[in-house]
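All the letters of the sequence shown, read from the start, carry residue numbers 1 to 558 under UniProt numbering. Right, one structure below, let's go through it.
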Amino acid sequence: MSVTGWDDTESYTLRGAGPRGSGDGVARAGGSSLLTRVILMIVGSTLLVGLIAMGVSSVLVGRQQRDALTHRATLVGTLQASAMGQAVWEFDTRAVEAMIRGLMAEDPAVRSVKVWAATGGRGGHGEPLVELDRPAGRAELATVERKIHMSDSSGERTMVGLLRMTYSLEEAESATLTALAPMAGLVFFSLLAVIGMISVLLNRLVLAPLARLTRSAGAIAAGDYRVRLRNSRSDEIGQLTVAFNHMAETVHDYTERLEQRVAERTEELRQSNEQLAVVNRQVMDSIQYASLLQSAILPDEREMARRLEGLCVLWRPRDVVGGDFHIFRELEDGRFLIGVADCSGHGVPGAFMTMTVSAILDHVLSETPDSDPAAILGGLNRMVRAALARGRDNPRFDNGLDIGLCLVRPDQGDLLFAGGRIGLHIVDPGADEVGEVKGDAQSLGYRRSDIGHRFTTHRVELAPGRSFYLTTDGFLDQAGGARGFGFGNRRFSTMLLEHATIPMAERRAAFAQALAEHQGERAQRDDITLVGFTVSPTNSASAMVTLADASSSHPVHP
């Protein structure tokens with residue numbers, strides 16, 4: 001056993017457990033603070049008690065010393081008064097003064113002596129017969145008065161004067177300090193002994209076991225859950241040690257089981273991740289191949305460019321594949337169909353819809369020899385409804401498309417447009433506004449679509465430098481800006497006018513930049529398709545028309 005701790009609370013580590021951390025940092029952080037604070041509290045308390053005891057003792061001893069000095073002064077005054085009777089009666093000032101000087105030489109506490117001769121029965125008034133003084137110092141003073149008597153032959157005593165002596169209490173104060181010095185030393189060494197004994201006992205009984213508990217708790221906090229404390233005590237420290245060991249055992253068991261479960265779950269997750277990676281790779285390979293298939297149904301831009309004076313195509317699916325596609329079909333007499341379609345859904349479902357609609361569109365074109373856009377949209381509406389009729393029993397299954405389709409007739413100097421919720425935007429050179437031919441407010445193929453609806457064909461003159469644009473709602477509805485608003489028709493028209501003077505082939509990059517600046521960091525919310533083109537009439541007699549005429553619409557036939 002040592003003064004720094006008990007052997008019965010030594011800590012140990014279970015065999016076979018390597019340290020996972022160290023609690024030395026915790027022990028160093030608070031190892032001496034508790035003992036220091038307790039010792040300081042004990043020292044402060046004992047010093048306070050000692051000071052109070054010394055103060056009380058000094059008062060009592062000082063009072064005793066002053067009483068003793070006062071009593072001595074009284075005796076001395078009485079003796080001196082008896083010895084001075086004859087000399088005062090005879091007014092022998094020399095004799096009286098000699099007695100006083102002898103007294104002051106013998107007793108240094110005497111500070112002042114005054115003697116009055118009795119006249120008319122009054123003593124202590126008027127000029128004293130003899131008066132001797134010396135510096136009084138800073139100590140308190142005590143005054144003693146005694147009457148001077150003289151006895152005659154018959155023994156009768158007669159008052160002949162008055163003696164007044166002033167004594168300094170400095171001697172009493174010095175005697176008090178002298179008497180208290182041994183007591184102060186005794187108290188000081190007694191306090192030191194008490195402090196030492198209390199500190200040793202407190203450290204051995206309480207602080208050392210608590211320090212071991214703290215170090216063990218720090219080891220557990222650092223990850224060493226096998227630390228235990230030996231214990232043979234039954235007091236509060238022993239109970240605390242038992243509770244700590246129980247807690248450490250519980251934590252160790254839980255940790256072991258948790259680590260085992262974590263290892264098992266980690267292995268399961270690793271296997272699952274490997275399986276998911278394989279499945280994801282297969283799915284992505286399939287989607288990438290679906291993207292190739294979808295790209296195959298899109299028109300070749302090089303073939304389109306050969307038929308058009310200028311071409312701008314921006315096709316950007318939200319995912320790898322999407323539900324938007326653009327249309328280009330060459331016809332007889334130099335005529336061709338051009339348009340955009342927005343099918344329901346995104347990703348793989350949307351891509352399936354585009355392929356279905358593209359196949360149905362080819363069939364409708366084969367049955368529409370005059371290629372009237374309104375007739376094509378009517379047939380497409382009916383056939384899409386018929387093709388998807390098998391899924392109509394499911395209320396969640398409702399698919400269709402929006403479309404804008406132009407039949408361009410350079411030989412007649414015009415184009416015919418029909419749209420289902422997609423319009424045709426027109427920009428003339430030097431114009432300060434964008435003309436728009438709105439499509440019918442009718443989607444194709446949905447439950448709500450009118451199967452008997454007759455779409456309107458709009459005739460628009462071709463003119464040199466006139467640009468035409470078809471876009472799906474993905475461009476117009478793309479959220480962006482500080483408040484997350486859509487791109488919108490107004491911003492779209494401004495964009496078309498700003499870039500109307502650059503070549504059509506360069507407008508694709510300009511439109512993509514404008515969209516990116518508006519979109520910022522926000523995600524793309526829909527598939528985006530924009531087709532712009534310019535074409536001039538082959539008939540030189542065709543005249544320019546105003547935008548108002550270009551945007552007017554009425555049913556016509558090719």
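Virtual Cβ for every residue (Gly too), placed ideally from N, Cα, C.
Looking at P135, H499, E461, A512, the one whose alpha-carbon comes closest to that of Q478 is A512. Counting every other CB atom within 10 Å of its CB across the protein chains shown gives S234 a total below 16, marking it as exposed. Beta-bridge annotation (DSSP): S151 is paired with R157.
L201 has its alpha-carbon roughly 24 Å from the corresponding atom of A217.
Between the alpha carbons of P429 and P537 lies a distance of about 16 Å. K438 has no beta-bridge partner at all, per DSSP. Three or more Cβ pairs drawn from the region 179–191 and the region 53–68 lie within less than 8 Å of each other, which places the two stretches in contact.
Residue state for L132 is assigned as strand, using DSSP reduced to three classes. Collapsing the DSSP output to three states places S371 in coil. Secondary structure in the region 297–348: the alpha helix (DSSP H) runs of 4 residues or longer, each lying completely within the stretch, are 301–307 in chain order.
Just measuring C-alpha positions, the residue of G238, H425, L388 sitting nearest V340 is H425. When secondary structure is reduced to three states using DSSP, T538 falls in the coil class, being assigned neither helix nor strand. In the displayed model, R491 falls within a helix according to three-state DSSP. Within the model, the alpha-carbon separation for R204 versus A184 is close to 30 Å. A distance below 7 Å between beta-carbons, with the five flanking residues on each side excluded, links R382 to the following residues of its chain, in chain order: I451. Within the same chain, and ignoring the five residues on either side of V38 in sequence, the residues whose Cβ sits closer than 8 Å to its Cβ are S199, L202, L207. The shortest C-alpha to C-alpha distance from G419 to any of F397, R459, D411 is the one to R459. In the DSSP assignment, H518 falls within the unbroken alpha helix (DSSP H) covering 504–519. Where R215 is concerned, the enclosing alpha helix (DSSP H) starts and stops at 208–221. If you look at T471, you'll find it in the beta strand (DSSP E) that goes 467–471.
Per the DSSP secondary-structure output, W89 pairs with nothing in a beta bridge.
Taking 8 Å as the cut-off, the Cβ atoms of G161 and L132 do not count as close.
In the pairwise beta carbon analysis, the region 297–304 is classified as touching the region 320–335: at least three pairs are separated by under 8 Å. Per DSSP, G196 is not a residue of any beta strand (DSSP E); the alpha helix (DSSP H) it occupies stretches across 170–202.
Non-local C-beta neighbours of L331 in its own chain, meaning closer than 6 Å and more than five positions away in sequence, comprise S371, ordered along the chain. Contact check for V194 against A53 fails: the beta carbons are separated by 8 Å or more. In this structure, L405 and L444 do not form a Cβ contact; the two beta carbons are roughly 11 Å apart against a cut-off of 8 Å. The Cβ atoms of L462 and G423 lie no closer than 8 Å to each other.
Spanning the alpha carbons of D362 and L377 requires a straight line of approximately 12 Å. Ranked by Cα distance from G474, the options L293, D319, R385 are led by D319. The beta carbons of V227 and A211 sit no closer together than 8 Å. Taken through DSSP and simplified to helix, strand or coil, H458 comes out as strand. For H425, the enclosing beta strand (DSSP E) starts and ends at 424–427. Going by DSSP, F397 is part of no beta strand (DSSP E) at all; its letter is neither H nor E. Under the 8 Å Cβ criterion, the region 520–535 counts as touching the region 462–472, having at least three qualifying pairs.
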